[in-house]
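Residue numbering for the sequence shown follows the numbering used here, beginning at 1391 and increasing consecutively. Encoded as structure tokens, the structure appears first; notes follow it.
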Amino acid sequence: MSLEVARERIDWARRHMPVLAALREKLEASRPFDGILIGICLHIEPKTAVLCSVLRAGGAELAITGSPGTTQDDVADTLASEGISVYGRAQDDAAAHAANIDKVMSHRPNMLLDNGADLAAIALERGVSILGGTEETTTGANRLREDLAGDVTFPILVINDSPLKAIVENQHGVGQTIVEGFMRTTNLLIPRRRFVVVGYGWCGRGVARYLKSFGGDVCAVELDAIRALEAALDGFAVRELEEALPWGDVFITVTGRPGILRREHFDTMRDGAILANAGHFSWEIELGELEPLAAGDGIERLELPNGNTLYRLARGEMLNLAGGGGNPVETMDLGLALQTMSLTRIARGAKDLIAGPQPVPDDINREVARRMLAALRA
Ligand SMILES: NC(=O)c1ccc[n+]([C@@H]2O[C@H](COP(=O)([O-])OP(=O)(O)OC[C@H]3O[C@@H](n4cnc5c(N)ncnc54)[C@H](O)[C@@H]3O)[C@@H](O)[C@H]2O)c1
1391 MSLEVARERI
1401 DWARRHMPVL
1411 AALREKLEAS
1421 RPFDGILIGI
1431 CLHIEPKTAV
1441 LCSVLRAGGA
1451 ELAITGSPGT
1461 TQDDVADTLA
1471 SEGISVYGRA
1481 QDDAAAHAAN
1491 IDKVMSHRPN
1501 MLLDNGADLA
1511 AIALERGVSI
1521 LGGTEETTTG
1531 ANRLREDLAG
1541 DVTFPILVIN
1551 DSPLKAIVEN
1561 QHGVGQTIVE
1571 GFMRTTNLLI
1581 PRRRFVVVGY
1591 GWCGRGVARY
1601 LKSFGGDVCA
1611 VELDAIRALE
1621 AALDGFAVRE
1631 LEEALPWGDV
1641 FITVTGRPGI
1651 LRREHFDTMR
1661 DGAILANAGH
1671 FSWEIELGEL
1681 EPLAAGDGIE
1691 RLELPNGNTL
1701 YRLARGEMLN
1711 LAGGGGNPVE
1721 TMDLGLALQT
1731 MSLTRIARGA
1741 KDLIAGPQPV
1751 PDDINREVAR
1761 RMLAALRA
């Protein structure tokens, strides 16, 4: 696609992001990011391009990479044409992604906007001095609080901890767009198809509810007893994974954890079963020794020794981003407004924040909620 078309798509997103538009006016006047370079790891797509223009209006210099499988090349080219340092192409695999993270860090950022804790992990490993940063997603928050626990030397506001992000983006945004990604990629009907949603957290409950509202026959697999109970009361069958394997037509992982569906699970699935992922990394579906064979746009075929064939969608990357347009514009207006206000808080007063991962301050949540509600009523 041409840069002109990409610019139109970015303008379309901008028109539907009123909360960010209002913040942009404030930042243009106050310039909180003058003299600051922000290293960014976030899906390179039109909504992120709108965020970049807002941060630049506030005085920031930017170096950005995306996540594997979700970069839109025309948007990357547009950002580069506007003088932003951009690293990332649609076909990047894990190795290319690691190299891109390295390139962003070579700009010696003062602040980080991270997605999956990839930038923070390298900054900490190399002892780079960072004023502070934000973390977008559940997977990154888990890494900061588990693998990197006690090691984080600068404040990181975890956008994912915000109840607003959980409700608006993870539940409604991911719910709607995973269904959209499934329909676009497969061209199949949802009513009466049997879906197994593995993980009934914020995203999983959205995916399950939107599938059900389209007429899908949905069951949930969930380790946490409280969430499993919630799934049952929401009207879903709750099954152990082993029970669900021979039942499901489509399996959607959304746990944020590795190795959820593995080689040993595949033999008990039905012939023709479809595997898809909504979690941050493709690691939720582990293929083992199986070699995926191209079987259509966004669809791969897996031939099992038992003679059955399984299908994997979007290379196991997030189906709503790799197989669709990503989360709805309005939900990302909210999420990226949380990002903008959190980064501004750090630029203005990092010394007032403790080191390590922490929730978005409540006053920011409330201001963004008020602004979004006003925009929805407008
Ligand atoms: N696709 C997108 O656009 C998008 C957007 C936001 C978040 N995410 C990603 O989605 C994933 C889930 O995020 P969330 O906010 O729903 O997290 P969450 O913590 O609210 O939910 C995850 C759920 O998975 C369950 N779980 C963990 N291991 C399991 C297992 N082996 N079997 C069954 N259930 C298991 C947990 O108990 C939890 O209830 C993360 O990787 C996150 O980064 C994706």
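Just so it is clear, CB atoms sit at the ideal spot from N, CA and C, and this is done for glycine as well.
Beta-carbon proximity check, residue i vs residue j, cutoff 8 Å
{"i": "D1639", "j": "R1660", "result": "yes"}
{"i": "V1597", "j": "I1642", "result": "yes"}
{"i": "I1400", "j": "V1465", "result": "yes"}
{"i": "I1568", "j": "N1710", "result": "yes"}
{"i": "A1663", "j": "G1688", "result": "no"}
{"i": "L1733", "j": "T1524", "result": "yes"}
Proximal residues to residue i (C-beta, below 6 Å), its chain only, five neighbours per side dropped
{"i": "R1772", "result": "Only positions 1391 to 1768 of the chain appear in the structure, and residue 1772 is not among them; the question remains open."}
{"i": "G1706", "result": "N1667, S1672 and I1675"}
{"i": "N1490", "result": "T1455, Y1477 and G1478"}
{"i": "N1550", "result": "T1527, T1528 and A1531"}
{"i": "L1635", "result": "H1655, T1658 and M1659"}
{"i": "G1746", "result": "V1542"}
Inter-residue spacing [alpha-carbon to alpha-carbon] between residue i and residue j
{"i": "K1602", "j": "V1608", "result": "6 Å"}
{"i": "T1461", "j": "R1735", "result": "28 Å"}
{"i": "D1492", "j": "G1606", "result": "43 Å"}
{"i": "A1539", "j": "E1720", "result": "33 Å"}
{"i": "Q1561", "j": "S1496", "result": "36 Å"}
{"i": "V1750", "j": "L1547", "result": "5 Å"}
{"i": "L1521", "j": "D1742", "result": "11 Å"}
{"i": "I1428", "j": "L1728", "result": "16 Å"}
{"i": "S1475", "j": "E1630", "result": "46 Å"}
{"i": "D1424", "j": "A1737", "result": "9 Å"}
{"i": "S1443", "j": "A1412", "result": "13 Å"}
{"i": "L1534", "j": "K1416", "result": "31 Å"}
{"i": "L1683", "j": "D1753", "result": "50 Å"}
{"i": "A1484", "j": "V1395", "result": "28 Å"}
{"i": "E1654", "j": "E1632", "result": "10 Å"}
{"i": "G1441", "j": "L1692", "result": "With the sequence shown as reference, residue 1441 is identified as Leu, and Gly is not the correct amino acid for it. Cα-Cα distance, rounded: 39 Å."}
{"i": "M1407", "j": "G1697", "result": "49 Å"}
{"i": "S1392", "j": "I1434", "result": "16 Å"}
Cβ-heavy atom distance, residue i to ligand 1, below 7 Å
{"i": "W1673", "result": "no"}
{"i": "M1708", "result": "yes"}
{"i": "A1351", "result": "Outside the modelled stretch of the chain, which goes from 1391 to 1768, sits residue 1351, for which no answer is possible."}
{"i": "T1461", "result": "no"}
{"i": "D1614", "result": "yes"}
{"i": "V1564", "result": "yes"}
{"i": "G1591", "result": "yes"}
{"i": "I1650", "result": "yes"}
{"i": "R1617", "result": "yes"}
{"i": "R1533", "result": "no"}
{"i": "L1623", "result": "no"}
{"i": "L1503", "result": "no"}
{"i": "A1644", "result": "What sits at residue 1644 in the sequence shown is Val, not Ala. Indeed, a heavy atom of ligand 1 lies less than 7 Å from the Cβ."}
{"i": "T1527", "result": "yes"}
{"i": "G1594", "result": "yes"}
{"i": "N1717", "result": "yes"}
{"i": "V1611", "result": "yes"}
{"i": "R1414", "result": "no"}
{"i": "V1588", "result": "yes"}
{"i": "L1711", "result": "yes"}
CB contact check: residue i to chain B, cutoff 8 Å
{"i": "G1669", "result": "Absent from the structure: chain B. Only one protein chain is present."}
Own chain, CB closer than 8 Å to residue i, minus 5 neighbours either side, in chain order
{"i": "L1578", "result": "F1572"}
{"i": "V1494", "result": "G1429, I1430, C1431, A1453, I1454, T1455, S1475, Y1477 and L1509"}
{"i": "L1694", "result": "F1656, D1657, L1680 and L1700"}
Close beta carbons around residue i, own chain, < 7 Å, minus the five adjacent residues each side
{"i": "I1744", "result": "P1545"}
{"i": "D1541", "result": "L1514"}
In chain order, each beta strand (DSSP E) run of at least 3 residues that lies wholly inside the region 1402–1444
You should have 1427–1431.
Report the start-end ranges of each beta strand (DSSP E) in the region 1459–1504 that is 3 residues or longer and not cut off at the edges.
1475–1477 and 1501–1504
In chain order, what are the residue ranges of uninterrupted beta strand (DSSP E) at least 3 long that sit wholly in the region 1653–1684?
1664–1667
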